[in-house]
Amino acid sequence: MANQNERWKHGFPKIGIRPTIDGRRKGVRESLEDMTMNLAKSVAAFLGEQLRYPDGSPVECVIADTCIGGVAEAAACADKFAKAGVGVSITVTPCWCYGTETMDMDPSIPKAVWGFNGTERPGAVYLAAVLSAHAQKGLPAFGIYGRDVQDLNDPSIPADVQEKLLRFARAGLAAATMKGKSYLAIGSVSMGIAGSMIDPDFFQEYLGMRNEYVDMSEITRRIEEEIYDPEEFKLAMAWVKENCNEGPDNNPEAIRTSREKKDKDWETVVKMTQIVRDLMVGNPRLAELGFEEEAMGHHAIVSGFQGQRQWTDHFPNGDFHEAILNSSFDWNGIRAPYLVATENDSLNGVSMLFGYLLTNTAQIFADVRTYWSPDAVKRVTGHELGGAAANGLLHLINSGPAALDGTGEQMKDGKPALKPFWEITQEDADNCLKATSWRPAAVEYFRGGGFSSDFLTRGGMPVTMSRLNLVKGLGPVLQIAEGYTVDLPEEVHDKLDQRTDPTWPTTWFAPNLTGEGAFKDVYSVMDHWGANHGAISYGHIGADLITLASILRIPVSMHNVSEEQVFRPRAWGLFGTSDPEGADFRACQNFGPLYK
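First residue of the sequence shown: 7, per this note's numbering; consecutive thereafter.
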């Protein structure tokens, strides 16, 4: 069977904690040693308790062997961090230190500085001085400064400092986790969708990732030459027959596929699921079967499947493998999702990757299909929208698949949610499966047959929709829209859903409005959205996405996150404070991609 931990065999980046100190001996440094090191230990313990890696294990922190009072100790710390696999650094201090001698100089590691707000020693003065040095040297760092003064012997971390530490650490780890991984393109450009025109410079320079490419004929080869685990295939087929309910065939009678063809399609799509996963992360079982090269995989943290049309005009579509791999469970049990972008839309795949690494939850891939105004809904259905939907809705619907977690059938504190896999119960997984029917593919779209996951997302969940876009001459830009999923009366949903393909999964989304700009109204959100796809993540994570984007030097072109939650490197303020959106663009352009 598949080893679910095989993809994590290279481990995860660690957070390095750098306790910096006033280097003056014979009284000053000695009086601060314990306080400074204890501050570092407190931050390490806090982050280890609060954050987890994608495999569910606690985040690991590495503390410098000594306090850092000068360049020799800074170099020793850098050497330790390099050997320990540190990908994110946090400098902490309660006092004045020598800025350029003690600062983190690694240009590719996201960095933050917490200057303790205490009156006994000038930690805040060091914070200002070293952040100035970071800006002057082109190594932007996040500044963390508590709002309220603390006593020097107070070991606690104030709530506002905790929030910034977590926001930075989540985003920094997301950036560090992507570094060195691959985007695997299975196939090429799907139906002229520009997102599936892979831009290797973007992946290399902004994300530190490489690109891998496999023709879709590799799936055919592996099926025909049986390069998959046959025992797992038997297990999978038994699980599918027990858990995957086949829905009604929506095709006209004249073009419906036979029962024999449908049964064969089930076998094919299950094999495709095994094969795409093995292409991404490898599978030691293949080596045991004599396929050592294929057992290695492509070290892919995210992939995309072209599908339409060269594959789907002849073979069963990729909807099953995309839906199941993106979900948090399959025939091997409950596990972390694998990320697969429909239509090889690499930019939406990256948007899904951002959301996944910040939350450890499955992501919903969807078309941003239709804006339904209150007047249009009333005209078509007679229903008057209310509540979160009072100003209108966006119909999010993928043309075939979406993660089954997207049903909203996992429960958290009695409410629908998407959860990290280690919180998901078997009952949660079963409920997601029961809420999903597998509809025979619309043959007009998918001539080769297959099955599409059909479900309706439960309302009331806080979610964030995001999308990465590439602009010639500018580079990448990120769009963010926080809002809520919405329940509609069954007859209203049916009338609206029947106007498109009812065999596909639907999420009704109401973005939060600010009354200004792109969030003046729901129509404006739709009108400003930069592409036909969006990635939907559970929770209001817009602020975390903004922090991650700033680490990667990707400007944010629209968002509805409150100003108080926006956390970017301190140097961003030097590009102007009256227009934060414009300053973000200028700062990102000035500092350039993180890995260039």
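By construction, the Cβ of each residue, glycine as well, lies at the ideal position given by its N, Cα and C atoms. It should be emphasised that the depicted structure is a prediction, and the values quoted were computed from it without experimental measurement.
Item: Could you tell me which residues DSSP puts in a beta bridge with ILE69?; Value: ILE23
Item: Got a sec? Which residues, its chain only, sit under 7 Å from ALA84 by beta carbon, not counting five neighbours each side?; Value: ASP112
Item: Out of PHE525, GLY481, MET109, point me to the one whose CA is closest to ASP28's CA.; Value: MET109
Item: Looking at the strands, I want to know which residues DSSP matches up with MET417.; Value: PRO422
Item: Pair every Cβ in the region 182–192 with every Cβ in the region 157–173, then say whether three or more of these pairs are closer than 8 Å.; Value: no
Item: According to DSSP, is PHE311 part of a helix, a strand, or is it coil?; Value: strand
Item: May I ask which residues mark the beginning and end of the beta strand (DSSP E) holding ALA347?; Value: 346–348
Item: Work out the CA separation of PHE122 and MET41 for me, nearest whole Å.; Value: 11 Å
Item: What residue ranges within the region 405–477 form continuous alpha helix (DSSP H) runs of no fewer than 4 residues, ordered along the chain?; Value: 432–440
Item: Are the CB atoms of VAL119 and ALA147 within a distance shorter than 9 Å?; Value: yes
Item: Return the chain-ordered list of same chain residues with a C-beta closer than 7 Å to the C-beta of GLY105, the five sequence neighbours on each side being excluded.; Value: TYR132, ALA135, VAL136, ALA139
Item: Can you tell me where the beta strand (DSSP E) with GLU273 in it begins and where it stops?; Value: From DSSP, GLU273 is part of no beta strand (DSSP E) but of the alpha helix (DSSP H) over 265–287.
Item: If you scan the region 158–229 from start to end, which runs of the alpha helix (DSSP H) of 4 or more residues do you find wholly inside it?; Value: 165–184
Item: For TYR59, does the three-state DSSP call read helix, strand or coil?; Value: coil
Item: Look at LEU480 and SER357 and say whether their C-beta atoms are less than 9 Å apart.; Value: no
Item: Would you mind listing the beta strand (DSSP E) stretches within the region 514–591 that are 3+ residues and don't spill past its ends, in chain order?; Value: 539–544, 562–564
Item: Which whole-angstrom value describes the C-beta separation of VAL94 and PRO116, a residue pair presumed to lie in contact below a C-beta threshold of 8 Å?; Value: 5 Å
Item: So what does DSSP say about GLU488, is it helix, strand or coil?; Value: strand
Item: With H, G and I counted as helix, E and B as strand and the rest as coil, what does DSSP make of LYS247?; Value: helix
Item: Once the 5 residues before and after ALA589 are set aside, which same chain residues still bring their CB inside 6 Å of it?; Value: TRP578, PHE581, GLY582
Item: List the DSSP bridge partners of PHE52.; Value: Answer is none; PHE52 lacks a bridge partner.
Item: Return the chain-ordered list of same chain residues with a C-beta closer than 6 Å to the C-beta of VAL68, the five sequence neighbours on each side being excluded.; Value: LYS20, GLY22, ALA90, VAL92
Item: What's the C-alpha gap between THR513 and GLY414?; Value: 10 Å
Item: Give the straight-line distance between the Cα atoms of ASN338 and ARG13, rounded to the nearest whole angstrom.; Value: 15 Å
Item: Would you grab the beta carbon distance between ILE552 and THR470 for me? Rounded to a whole angstrom, and I think it's under 8 Å.; Value: 11 Å between Cβ atoms; not a contact.
Item: Quick one: is LYS170 buried, meaning 16 or more other Cβ sit within 10 Å of its Cβ, or exposed?; Value: buried
Item: Exposed or buried, MET197, counting other C-beta atoms within 10 Å across all chains shown (16 or more means buried)?; Value: exposed
Item: Where DSSP assigns a beta bridge to TYR377, which residues make up the other side?; Value: LEU400
Item: How is ILE330 classed by DSSP in three states: helix, strand or coil?; Value: helix
Item: Inspect the beta-carbon positions of GLY604 and PHE321 and report whether they are closer than 9 Å.; Value: For the chain, the structure presents residues 7 to 602; residue 604 sits outside this window and is missing.
Item: Terminal residues of the continuous alpha helix (DSSP H) containing PHE87?; Value: 77–90
Item: Thinking C-beta only, is ALA70 closer than 9 Å to ARG30?; Value: no
Item: Taking 6 Å as the limit between beta carbons, can you name the residues of its chain near ARG375, skipping five residues before and five after?; Value: HIS401, ILE403
Item: Quick check: the Cα distance between ALA382 and GLY521, rounded to an integer number of angstroms?; Value: 21 Å
Item: Apply the 10 Å Cβ neighbour rule to THR431 and answer buried if 16 or more other Cβ atoms are within range, or exposed otherwise.; Value: exposed
Item: Thinking C-beta only, is VAL195 closer than 9 Å to GLN312?; Value: yes
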